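Numbering (the working numbering), first residue to last: 1 to 121.
Step one of this worksheet: look at the structure below.
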């Protein structure tokens, strides 16, 4: 079973994302911020990470930069999930190591398509 880590400070987004991912057959872990996400990755590296941009403690960009420097941190597919939709933000996310980008709010079909684009779902 593929594992997904949801890193988002919104409990509602984590709950909605978990529901979609579990319906697609993923095992799901959650983290409220980037630091907690890195700690979860240290225990078990997920296959896919849904990553929020704006979070307290550690932002999504700070998280992905730190993740990609870790041993095995190049393996997970990272999908940024955010309200930031300008080209500069998308470019920054991709150059930091993101594999895909999805706008909030998203639905089951949209997330499934993004997961297919990175080789899952």
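All C-beta atoms, glycine included, are put in the ideal place defined by N, C-alpha and C.
It should be emphasised that the depicted structure is a prediction, and the values quoted were computed from it without experimental measurement.
Can you give me the start and stop residues for the alpha helix (DSSP H) that residue 123 sits inside? Any property of residue 123 remains undetermined from this structure, which presents the chain solely from 1 to 121.
Hey, residue 46 and residue 81 are a contact pair by Cβ (cut 8 Å); roughly how many whole angstroms apart? Wrong, their Cβ atoms sit about 15 Å apart, outside the cutoff.
So, at 7 Å on beta carbons, what are the nonlocal neighbours of residue 114 in its own chain, with the 5 sequence-adjacent residues on each side left out? 79, 100, 102.
State the DSSP-derived secondary structure class of residue 57, mapped to helix, strand or coil. Correct three-state label for residue 57: coil.
Give the DSSP bridge partners of residue 27, in chain order. Looking at the DSSP assignment, residue 27 forms a beta bridge with 3.
Distance, Cα to Cα, residue 120 vs residue 13? The straight-line gap separating the alpha-carbon atoms of residue 120 and residue 13 is approximately 20 Å.
Under the DSSP definition of a beta bridge, which residues are partnered with residue 51? According to DSSP, residue 51 bridges with 7, 80.
Cβ shell of residue 50 (< 6 Å), same chain only, five flanking positions each side left out: The residues 6, 17, 79, 81, in chain order, have a CB closer than 6 Å to that of residue 50 in the same chain once the five nearest residues on each side in sequence are set aside.
Per DSSP, cross-strand counterpart(s) of residue 22: Under DSSP, residue 22 forms no beta bridge with any residue.
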